[in-house]
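> Each number in the numbering used here corresponds to the 1-based position in the sequence shown with 15 added. Think of the CB as a built atom: it goes at the ideal place given N, C-alpha and C, for glycine as much as any other residue.
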Amino acid sequence: MVQNHLFRCILAGTLLTGSLANAERNSHTFDNGTSFSWYGWFHFAEQMFDDGVSTTSNLVDVTSAGSRFGFYLRGQGPLSFHFETGLGFRPSQKTSQTNTPDAWDWDRTDLRKVQLRYEGSWGEFRLGQGSMNMDGGAEVDLGSTAIVAKSNVNELYGSYLFRDSSGALTGVNIGSVFDSFDNGRRFRLRYDTPSFAGFSLGASYGIEVLTSDVDDHYYDVALRYAQTFDRFEVKGAIGTAFTDLDGGSTAQESAGSISVRDAQTGLDLTLAGGQNNSGTGQYLWVKAGWRGELLAVGDTRFVAETFRGSDYLTRGSSSDMWGLSVIQNFDRQRIEAYVGYKEFSYADTGPTTYRDASTWQIGARWQF
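Spelled out as structure tokens, the structure:
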């Protein structure tokens with residue numbers, strides 16, 4: 016109870032501070048030409064998960080766009096350093112009916128990026144902790160709605176459990192049957208080619224250094240595209256990720272996404288899909304949105320989304336979700352406030368019948 020009260024005080028202080036925020040990005044250039052710039056945000060939400068029997072409510076740091084701090088250190092040459100860390104507040108991805116993480120508990124797994132970047136006319140190398148090339152490949156979205164609507168549903172509600180028809184909690188959670196197969200961050204060497212006619216190709220190889228006793232090896236390849244055609248903007252990515260498991264086998268997952276936005280009407284459409292190449296899971300996520308100026312304080316965004324998955328955990332299973340959200344920007348304060356609603360259902364060929372679940376998420380992100 017005390018931790019929840021403290022967490023809510025932090026949120027209130029964040030939003031109050033946000034109203035005083037400077038509109039300029041913080042940066043400083045030293046006499047020798049080296050520049051230092053920093054950025055970050057706080058992102059908290061009240062999540063209410065109704066599993067068909069009871070409602071679990073928690074104030075969380077939303078993992079899909081978790082609170083963070085980062086900085087760049089750039090010289091006059093092609094080499095730069097990039098650091099970014101999560102802030103360690105209670106993650107939505109680990110919160111459930113049976114587990115409420117501490118309000119704050121930073122550890123080394125919250126480190127997101129500790130990397131050197133070398134950019135030249137022939138492309139870019141990145142060495143250190145950071146995104147594998149396919150990280151975000153299933154999450155391209157010109158509607159900019161990841162704070163409340165994202166193909167990687169696991170980051171929003173992944174640990175919450177379904178109940179069976181008798182009302183008992185099962186061992187099936189949201190994350191296990193709504194996986195987007197998007198790659199993650201590792202200690203890696205990554206290369207990206209320059210862009211040619213909007214296309215760029217990249218590959219990376221990495222290992223796990225932030226979690227103990229993980230001896231797997233990771234590598235992936237991805238093709239990305241970004242181009243603007245008059246009033247239309249198009250962006251997409253597709254790729255495959257491999258994991259050489261410590262036991263000797265290899266796992267493979269493929270995913271991609273494409274997003275189109277019409278600058279004239281404010282409409283956007285995003286498709287994402289992927290599969291585990293061993294046949295244990297595949298999905299399609301569709302999101303439609305509109306962005307316009309209904310209020311003088313900033314853009315308003317309306318979002319409708321649906322997720323259709325099959326074969327997660329067992330062959331013949333089905334995973335379905337639909338959701339509606341609205342996001343309001345407050346440009347001067349650098350705040351995005353929102354409310355989102357989602358409904359989940361899961362079924363398989365076994366004897367267990369699973370109850371539907373629904374969620375409300377009410378939150379805000381302040382960028383500094």
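(1) May I have the straight-line CA-CA distance separating PHE383 from GLN267, to the nearest angstrom?
(2) Evaluate ALA183 with the Cβ neighbour count: other Cβ atoms within 10 Å of its Cβ, from every protein chain shown; 16 or more gives buried, anything less gives exposed.
(3) With 16 other CB atoms within 10 Å as the buried threshold, where does GLY81 fall?
(4) Just to confirm, does LEU171 get its C-beta within under 8 Å of one of the non-hydrogen atoms of the ligand PLP?
(5) Report all residues from its chain with a CB closer than 6 Å to the CB of ARG276; omit the five preceding and five following residues, and keep chain order.
(6) Using only alpha-carbon positions, find the residue among SER195, ARG123 and TYR133 that is nearest to PHE96.
(7) Can you name, in chain order, every residue of its own chain whose Cβ lies under 6 Å from the Cβ of LEU238, other than the five neighbours on each side?
(8) Tell me which residues share the same chain as TRP375 and place their Cβ nearer than 6 Å to its Cβ, disregarding the 5 neighbours each side in the sequence.
(9) With DSSP as the reference, please indicate the residues paired to PHE257 in a beta bridge.
(10) So, using beta-carbon positions, are SER79 and ALA161 closer together than 9 Å?
(11) So, at 6 Å on beta carbons, what are the nonlocal neighbours of THR321 in its own chain, with the 5 sequence-adjacent residues on each side left out?
(12) With LEU126 and THR100 assumed to form a contact (beta carbons below 8 Å), what rounded beta-carbon distance in angstroms separates them?
(13) For the beta strand (DSSP E) holding SER95, just list the boundary residues, first then last.
(14) Can you give me the C-alpha to C-alpha distance between ASP179 and SER325, rounded to a whole angstrom?
(15) Helix, strand or coil: which one does DSSP assign to THR123?
(16) Inspect the CB distances between the region 81–94 and the region 182–197 and report whether three or more fall short of 8 Å.
(17) Against chain D, with Cβ distances strictly below 9 Å, would THR113 count as a contact?
(18) Tell me the rounded alpha-carbon separation between LEU299 and PHE359.
(19) Between the alpha carbons of GLY392 and PRO366, how many angstroms are there, rounded?
(20) Based on Cα-Cα distance, which residue from VAL318, THR110 and GLY262 lies nearest to TYR175?
(21) Once the 5 residues before and after ASP231 are set aside, which same chain residues still bring their CB inside 7 Å of it?
(22) Which class does ASN188 belong to by DSSP, given the choice of helix, strand or coil?
(23) Could you tell me the alpha carbon to alpha carbon distance between TYR206 and PHE51, rounded to whole angstroms?
(24) May I ask you to report which of helix, strand or coil DSSP gives ASN47?
(25) List the DSSP bridge partners of THR374.
(26) Verify whether the separation of the beta carbon atoms of LEU74 and PHE59 is less than 9 Å.
(27) Any idea what DSSP makes of GLN91, helix, strand or coil?
Let me lay it out:
(1) As a first step, residue 383 is located in the sequence shown; it is residue number 368 there, counting from the start. As a first step, residue 267 is located in the sequence shown; it is residue number 252 there, counting from the start. Those two C-alpha atoms are separated by around 38 Å.
(2) For the purposes of this step, residue 183 is identified with residue 168 of the sequence shown, where counting begins at 1. Burial check for ALA183: the Cβ neighbour count within 10 Å stays below 16, so the residue is exposed.
(3) Locating residue 81 in the sequence shown gives position 66, counting from the first residue. Its Cβ being crowded by 16 or more others within 10 Å, GLY81 is buried.
(4) As presented, the structure is devoid of all ligands, the ligand PLP included, so that no description of it is given.
(5) The residue given as residue 276 occupies position 261 in the sequence shown. Closer than 6 Å at the Cβ level, and outside the excluded window around ARG276, lie LEU157, GLU248 and ASP283.
(6) Reading the sequence shown from its first residue, position 81 is the one you call residue 96. Of the candidates SER195, ARG123 and TYR133, the one whose C-alpha sits nearest the C-alpha of PHE96 is TYR133.
(7) By one-based count along the sequence shown, residue 238 stands at place 223. The beta carbon of LEU238 sits closer than 6 Å to those of LEU216 and ILE253, all from its chain and outside the five residues before and after it, given in chain order.
(8) Sequence index remark: in the sequence shown, residue 375 carries index 360 (1-based). If we look at TRP375 and ignore the five residues flanking it on each side, its Cβ neighbours are MET63 and TYR356.
(9) Here residue 257 refers to the residue found at position 242 of the sequence shown. Its beta-bridge partners are TYR234 and GLN267.
(10) As a first step, residue 79 is located in the sequence shown; it is residue number 64 there, counting from the start. As a first step, residue 161 is located in the sequence shown; it is residue number 146 there, counting from the start. It is a contact, given that the beta carbons lie within the stated cut-off.
(11) In the sequence shown, counting from the first residue as 1, residue 321 sits at position 306. Apart from the 5 residues on each side of it in sequence, THR321 sits with its Cβ closer than 6 Å to the Cβ of VAL301 and TRP337 in its chain, given in chain order.
(12) Mapped onto the sequence shown, residue 126 falls at position 111. Mapped onto the sequence shown, residue 100 falls at position 85. The Cβ separation is near 5 Å, so the contact holds.
(13) Counted from its first residue, the sequence shown places residue 95 at position 80. Element bounds for SER95: 94–101.
(14) By one-based count along the sequence shown, residue 179 stands at place 164. By one-based count along the sequence shown, residue 325 stands at place 310. The C-alpha of ASP179 lies about 19 Å from the C-alpha of SER325.
(15) What you label residue 123 is simply residue 108 of the sequence shown in a count that begins at 1. The question names Thr, but residue 123 is Arg in the sequence shown. Looking at ARG123 - three-state DSSP - the assignment turns out to be helix.
(16) With the cut-off at 8 Å, the region 81–94 and the region 182–197 do not touch.
(17) Annotation note: the requested chain D is absent from the structure, which comprises a single protein chain.
(18) Your numbering for residue 299 matches position 284 in the sequence shown. Your numbering for residue 359 matches position 344 in the sequence shown. Approximately 15 Å, taken between the alpha carbons.
(19) No information on residue 392 is available, as it lies outside the stretch 16 to 383 that the chain covers here.
(20) In the sequence shown, the residue the question calls residue 175 occupies position 160. Closest by alpha carbon: THR110.
(21) The sequence position of residue 231 within the sequence shown is 216, counting from 1. Hits under 7 Å: GLU223, THR258, ASP259, LEU260 and ASP261.
(22) Position 173 of the sequence shown holds residue 188. Looking at ASN188 - three-state DSSP - the assignment turns out to be strand.
(23) Taking the sequence shown and counting its residues from 1, one reaches residue 206 at position 191. Taking the sequence shown and counting its residues from 1, one reaches residue 51 at position 36. TYR206 and PHE51 have their alpha carbons spaced roughly 24 Å apart.
(24) On the sequence shown, position 32 is the one that residue 47 refers to. Three-state DSSP puts ASN47 in coil, outside helix and strand.
(25) Start at 1 with the first residue of the sequence shown, and residue 374 comes out as number 359. For THR374, which the question treats as bridged, DSSP gives the partners PHE64 and LYS357.
(26) Along the sequence shown, read from residue 1 onward, the residue named residue 74 stands at position 59. Along the sequence shown, read from residue 1 onward, the residue named residue 59 stands at position 44. In this structure, LEU74 sits near PHE59, with a CB-CB distance shorter than 9 Å.
(27) Here residue 91 is taken as the residue at index 76 of the sequence shown, counted from 1. Of the three classes helix, strand and coil, the one that applies to GLN91 here is coil, per DSSP.
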